[in-house]
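J.: One structure is given below, represented as structure tokens, and several questions about it will come after.
Structure follows, in structure tokens:
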């Protein structure tokens, strides 16, 4: 009886690496690709007392317009990055399920649902 158990254990150990090779671990998106939000333009001090000259207001309005354009681009880039993160989470779940099924199969157990 011990001989059969030892033989079964050897078979399980021999099959385990092959079962694990079938499960491909996912790779997260690189943190270096995480988009950085644009810096907000600084509100001129003179705006607090409504004493800005026309040139200052025009310059600030141009900075706000440029910021809004960059913010729109950032929104699209951030959504793309979030989509990649969500795909990674889904792939990690699939990987965990694959590993559990491979381990269950190697041990001769019923795989989890």
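In our numbering, the protein residues as written are 206 to 318. The beta-carbon is built from N, C-alpha and C at its ideal position, and this holds for glycine as well. All values derive from a computational prediction rather than experimental measurement.
Of the choices 313, 298, 312 and 314, whose alpha-carbon is the least far from that of residue 228?
T.: Residue 228 has its Cα closest to that of 298, out of 313, 298, 312 and 314.
J.: Counting only the same chain and skipping the five closest in sequence on each side, list residues whose C-beta sits under 7 Å from that of residue 290.
T.: Taken in chain order, the residues that qualify are 234.
J.: Under a three-way DSSP split, which group does residue 312 fall into?
T.: Of the three classes helix, strand and coil, the one that applies to residue 312 here is helix, per DSSP.
J.: What number of angstroms, rounded off, separates the C-alpha of residue 249 from the C-alpha of residue 257?
T.: Cα to Cα, the separation comes out at about 8 Å.
J.: In three-state DSSP terms, what is residue 261?
T.: Of the three classes helix, strand and coil, the one that applies to residue 261 here is helix, per DSSP.
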